[in-house]
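Chemist: Respectively, the protein sequence lines represent chains H and D. Under this note's numbering, think of the first position of the first sequence as 1, with each following residue one higher. Under this note's numbering, think of the first position of the second sequence as 107, with each following residue one higher. No residue lacks a Cβ here, since even glycine has one placed at the ideal position from N, Cα and C. Everything numeric in this text was worked out from a predicted model, so none of it was measured.
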Amino acid sequence: MRYMYKIAAMGDKDSIYGFASIGLEIFPADEPREAARLLRRLSEEKYAAVFLTEALAAQMGTELDRYREKAVPAVILIPGVSGNTGEGLRSISRSVEQAVGSDILK
Amino acid sequence: MAVLNVNPTRMELTNLKRKLVTARRGHKLLKDKRDELMRRFLELVRENKALRLEVEAGIKQANLHMAIARSVMSDEALDVALMMPSQRMDVEVTEKNIMSVIVPQFEAKLKAARDGEIYSYGYAFTSCDLDDAVKALSDIMPDLLRLAEIEKTCQLLAAEIEKTRRRVNALEHVMIPQYEETIKYITMKLDENERSATTRLMKIKDMMLEQAHHYQ
Numbered sequence: 001m002r003y004m005y006k007i008a009a010m011g012d013k014d015s016i017y018g019f020a021s022i023g024l025e026i027f028p029a030d031e032p033r034e035a036a037r038l039l040r041r042l043s044e045e046k047y048a049a050v051f052l053t054e055a056l057a058a059q060m061g062t063e064l065d066r067y068r069e070k071a072v073p074a075v076i077l078i079p080g081v082s083g084n085t086g087e088g089l090r091s092i093s094r095s096v097e098q099a100v101g102s103d104i105l106k
Numbered sequence: 107m108a109v110l111n112v113n114p115t116r117m118e119l120t121n122l123k124r125k126l127v128t129a130r131r132g133h134k135l136l137k138d139k140r141d142e143l144m145r146r147f148l149e150l151v152r153e154n155k156a157l158r159l160e161v162e163a164g165i166k167q168a169n170l171h172m173a174i175a176r177s178v179m180s181d182e183a184l185d186v187a188l189m190m191p192s193q194r195m196d197v198e199v200t201e202k203n204i205m206s207v208i209v210p211q212f213e214a215k216l217k218a219a220r221d222g223e224i225y226s227y228g229y230a231f232t233s234c235d236l237d238d239a240v241k242a243l244s245d246i247m248p249d250l251l252r253l254a255e256i257e258k259t260c261q262l263l264a265a266e267i268e269k270t271r272r273r274v275n276a277l278e279h280v281m282i283p284q285y286e287e288t289i290k291y292i293t294m295k296l297d298e299n300e301r302s303a304t305t306r307l308m309k310i311k312d313m314m315l316e317q318a319h320h321y322q
C-alpha cells in the first residue's frame with residue numbers, strides 16, 4: 001500500500017526553525033501538555049515521522065510510549081539548540097532492553 | 107507443576123497428547139522466530155546507533171550556524187527568510203514485512219520550485235551563516251529520514267521480540283510441563299484401574315470355583 005505522508009518537526013521555535021526551509025512542517029511548542037495534544041492530532045493525520053526535540057520530549061514523560069508500537073508516526077528525538085541531552089540514545093537503549101533484557105550495546 | 111483439572115479418561119488422554127504435540131511444535135517455531143527476529147534486531151540497532159550519532163552531530167552543526175545567523179540577523183528578517191519554503195518534503199510510505207512484523211519504509215519525495223534550489227530567500231538580506239545552516243540540514247535530511255525508518259523498525263521489532271519471548275517461555279515452562287504431568291497422571295490412573303479390575307476378576311474367579319467345587 002502506498003500513501004503520501006508528511007513530516008513534522010516539533011519543539012521550541014529556535015530548534016526547529018531551520019527544518020521549515022527544507023520542506024518539513026514545523027509546529028512550535030514549548031508547553032508539554034500542548035505538545036502532547038498536538039502530537040495526538042498529528043498521529044491521526046498523515047504524518048510519517050515527527051521529529052521532536054529532546055528537551056520537549058523529556059518533559060512529556062510517558063506520553064511518547066503510546067507511539068512506540070504504532071507503525072506511523074515514527075516519533076524521533078533530535079537534539080535542540082540547548083544541546084544534546086542523550087535522550088535519543090537512551091531511547092535506543094530502551095528498545096534493546098525491551099528486546100534482549102539488558103542493554104548489551106553499552 | 108500442577109496437574110490440569112481433567113477427568114482421567116482415555117479420551118482426555120488422546121486429546122492431551124495431541125495438544126502436547128501442537129505445543130511442542132509451536133514452541134519450536136516460536137523459538138526460531140525469536141532467534142531470527144533477534145538477529146535482525148541486533149543488526150538494525152547497531153546501524154541505528156551509528157546513524158543517530160551521525161545525525162546528532164549534523165544537527166549540532168546546523169544549530170551552530172543557525173545560532174550565529176540569529177545573532178546577526180533580526181528575528182523578523184529570519185522569519186521572512188524561512189517562512190516560505192521553496193520545497194516541500196513528502197514521504198512515500200510502503201510497508202515491509204519482517205517476520206510478520208509490518209514495518210514502514212520511507213521514501214522522500216521532494217517537491218522543489220526549482221531543481222536543486224534549497225534556499226527559500228534571496229541572498230541580499232540574509233547572513234551566509236543562514237545558508238550554511240540550511241545547507242547542513244538539507245545534507246543530513248536523507249540520513250534523518252533513514253534514522254526515522256530504522257528507529258521505528260527497531261521499536262516495532264523490540265515489542266514483537268518481547269511478545270514472542272513471553273510466548274516461548276510460557277510454552278516452555280508452563281504449558282508443556284503441565285501437559286506432560288497430566289498425561290502421566292492419566293496414564294497412571296488408567297493403569298491402576300486396569301490392575302484393580304484384573305485382581306477383582308481373579309478374586310471373583312477364586313470365589314466362584316470354591317462355591318462350585320469346594321476347591322481350596
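For a test of the three-state rule: what should DSSP assign to E198/D, helix, strand or coil?
Modeler: Three-state DSSP puts E198/D in a strand.
Chemist: Label G228/D either buried or exposed according to how many other C-beta atoms from any shown protein chain fall within 10 Å of its C-beta, with 16 as the threshold for buried.
Modeler: Under this definition G228/D is an exposed residue.
Chemist: If we call anything under 9 angstroms between Cβ atoms a contact, is E266/D one with L143/D?
Modeler: Yes, they are a contact pair.
Chemist: Return helix, strand or coil for T53/H, following the three-state DSSP convention.
Modeler: Residue state, collapsed to three classes: strand.
Chemist: List, in chain order, every chain D residue whose beta-carbon is nearer than 8 angstroms to that of S102/H.
Modeler: Going along chain D, no residue has its Cβ under 8 angstroms from S102/H, so there is no contact; the nearest lies around 13 angstroms.
Chemist: Is there a Cβ of chain H sitting closer than 9 angstroms to that of R273/D, yes or no?
Modeler: For R273/D, the answer is no, since every Cβ of chain H falls outside 9 angstroms of its Cβ.
Chemist: Buried or exposed: which applies to I208/D, given that a residue is buried once 16 or more other Cβ atoms fall within 10 Å of its Cβ?
Modeler: I208/D is exposed by the Cβ-count criterion.
Chemist: Report the three-state DSSP secondary structure of K215/D (helix, strand or coil).
Modeler: Correct three-state label for K215/D: strand.
Chemist: Measure the beta-carbon distance from R194/D to K217/D and round it to whole angstroms, keeping in mind my assumption that it falls under 8 angstroms.
Modeler: About 4 angstroms; that satisfies the 8 angstroms criterion.
Chemist: According to DSSP, is I22/H part of a helix, a strand, or is it coil?
Modeler: Coil at I22/H, not helix or strand.
Chemist: Could you compute how far the alpha carbon of E31/H sits from the alpha carbon of L38/H?
Modeler: One C-alpha to the other measures close to 10 angstroms.
Chemist: My output table needs one value for N154/D: the three-state DSSP class, helix, strand or coil.
Modeler: DSSP places N154/D in helix when its eight states are reduced to three.
Chemist: Please report how far the alpha carbon of P283/D lies from the alpha carbon of G101/H, in whole angstroms.
Modeler: Going by the C-alpha atoms only, they are around 24 angstroms apart.
Chemist: Would you say D14/H faces chain D, with C-beta separation under 9 angstroms as the test?
Modeler: Chain D contact via Cβ: present.
Chemist: Where DSSP assigns a beta bridge to K6/H, which residues make up the other side?
Modeler: Looking at the DSSP assignment, K6/H forms a beta bridge with Y47/H, D196/D.
Chemist: Since C260/D meets chain H, which of its residues come closer than 9 angstroms, beta carbon to beta carbon?
Modeler: Simply I92, S95, V96, A99.
Chemist: Whose C-beta lies closer than 8 angstroms to the C-beta of K123/D among residues of the same chain, with five residues either side of it excluded?
Modeler: Within the same chain, K123/D has close Cβ partners I289.
Chemist: P79/H touches chain D at which residues, Cβ-Cβ below 8 angstroms?
Modeler: By Cβ distance, chain D contributes E162, I165, K166, N169.
Chemist: With burial defined as no fewer than 16 other Cβ atoms inside 10 Å of the residue's Cβ, what is the status of V72/H: buried or exposed?
Modeler: V72/H should be labelled buried.
Chemist: Locate the beta strand (DSSP E) running through I256/D, then write down its first and last residues.
Modeler: Element bounds for I256/D: not the beta strand (DSSP E) but the alpha helix (DSSP H), 234 to 276.
Chemist: Taking the alpha-carbon positions, what's the I246/D to R158/D distance?
Modeler: Roughly 11 angstroms separates the two Cα atoms.
Chemist: For E69/H, which residues in chain D fall below 8 angstroms Cβ to Cβ?
Modeler: Those within 8 angstroms of E69/H in chain D are Q261, L262, A265.
Chemist: Alpha carbon to alpha carbon, how far is S233/D from A175/D?
Modeler: When rounded, the distance between both Cα atoms is 6 angstroms.
Chemist: Closest by CA to A167/H, which one among E316/D, E298/D, Q261/D?
Modeler: Nothing in the structure corresponds to residue 167/H, since chain H is present only between 1 and 106.
Chemist: Between G86/H and I76/H, is the Cβ-Cβ spacing less than 9 angstroms?
Modeler: Their beta carbons are not under 9 angstroms apart, which means G86/H does not touch I76/H by this criterion.
Chemist: At 9 angstroms on the CB atoms, spell out the chain D contacts of M4/H, in chain order.
Modeler: Residues of chain D passing the Cβ test: D196, V197, E198, V199, K215.
Chemist: Round the Cβ separation of K6/H and Y47/H to the nearest angstrom and send it over; I've been treating them as touching at under 8 angstroms.
Modeler: Right, their Cβ atoms sit about 5 angstroms apart.
Chemist: Return the CA-CA distance between P114/D and M313/D, expressed in angstroms with no decimal places.
Modeler: Each residue's alpha carbon lies about 31 angstroms from the other.
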